[in-house]
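Residues in the sequence shown are numbered from -2 upward in steps of one, following this note's numbering.
C-beta atoms are modelled at their ideal positions from N, C-alpha and C, and glycine is treated no differently.
Since the structure comes first, as structure tokens, the remarks are kept for the end.
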Amino acid sequence: MSSFVLRLNRSNILLVILLLTLFATLSFPEEKENKNVSALGFDFGISKKDALEVIKSQGRKVVENIVDSKDIRTIIVEGALIELPVDTSNADLKTKLEFYDNELMASSLVFKTNNILNQSALEAELFKYLSGLYGEPGGKEEVLNIITWTWHIPDLAVILSSNPKNNIERIDYVYKPLNQSRIEDEFKQKQQGETVDPAKQMFIDGNYSAPKQ
């Protein structure tokens, strides 16, 4: 009898070990997937080639493919690759992808509305949506009549900008680790006396809301 109980206990222990092993094995892919930081249908850090494959698979059209500098490339895509929570029927919508050293550093949605009333209504909808996701913005700035609100979340800065003069609303998702690498590389270039590309210096030194003057 005692040997039967011993075998039973050993069987239970083995069963528990197997179940724990199974649960641990199943959890690893989920944990790995959660480490991917993404926005607007693209994982940050992917190459330009991989991003173009995603765009092609979604049947979207690339309207601009720009070389901004030695290290920065920009792709502009017609429309959005994700379903949006706001009405965009009164706006021309484009997705903008910015790559640093062939890695996706920032992705943006740019809404060009047909009048100030539609632009104001869209601004209110986007602000409400982002505030619902991330809470109150961490900062608000106004530079040259462009108003920006910034939310800081792990590894990302999310910026909503409003340009009433041109009837444009824009949401930027900036991947902080890559942006920090860009800042450090440009600082080294300045230290070495190299000329740094004078393109927009947004998102410098943690001030993600305004271009550096």
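Whole-angstrom distance between LEU114 and ILE168, CA atom to CA atom = For the purposes of this step, residue 168 is taken as the residue at position 171 of the sequence shown. For the purposes of this step, residue 114 is taken as the residue at position 117 of the sequence shown. Each residue's Cα considered, the two are about 19 angstroms apart.
Where does LYS162 sit, in a helix, a strand or coil, going by DSSP?
-> In the sequence shown, residue 162 corresponds to position 165, counting from 1. If DSSP states are grouped into helix, strand and coil, LYS162 belongs with coil.
Own chain residues within Cβ distance below 7 angstroms of ASN99, not counting five before or after | Numbered from its first residue, the sequence shown carries residue 99 at position 102. Contacts found: SER44, LYS45.
Same chain only: Cβ atoms within 7 angstroms of HIS149, ignoring 5 sequence neighbours per side = Mapped onto the sequence shown, residue 149 falls at position 152. The residues are GLY135.
Sufficient close CB pairs (3 or more, under 8 angstroms) joining the stretch 57 to 66 to the stretch 124 to 132 | no
Leaving out five residues before and five after ASN142 in sequence, what residues of the same chain have Cβ atoms less than 8 angstroms from its Cβ?
-> In the sequence shown, residue 142 corresponds to position 145, counting from 1. The answer, listed in chain order, is ASN160, PRO161, LYS162.
To which residues of the same chain is GLU27 closer than 7 angstroms at the C-beta, ignoring the five residues directly before and after it?
-> Against the sequence shown, residue 27 aligns to sequence position 30. Reliability of the predicted coordinates at GLU27 is poor, the pLDDT of 31 falling under 50, and no value is obtained from them.
Quick one: Cα of GLU120 to Cα of LEU90, how far?
-> The residue you call residue 120 lines up with position 123 of the sequence shown. The residue you call residue 90 lines up with position 93 of the sequence shown. The straight-line gap from Cα to Cα measures roughly 14 angstroms.
For VAL51, name the three-state secondary structure that DSSP assigns.
-> As a first step, residue 51 is located in the sequence shown; it is residue number 54 there, counting from the start. In the structure shown, VAL51 sits in a helix (DSSP, three-state: H, G or I).
Under the rule that 16 or more other beta-carbon atoms within 10 Å means buried, what is ASN112, buried or exposed?
-> Working through the sequence shown from its first residue, we reach residue 112 at position 115. ASN112 comes out exposed.
Distance, Cα to Cα, GLN177 vs LEU78?
-> In the sequence shown, counting from the first residue as 1, residue 177 sits at position 180. In the sequence shown, counting from the first residue as 1, residue 78 sits at position 81. Their Cα atoms are separated by approximately 27 angstroms.
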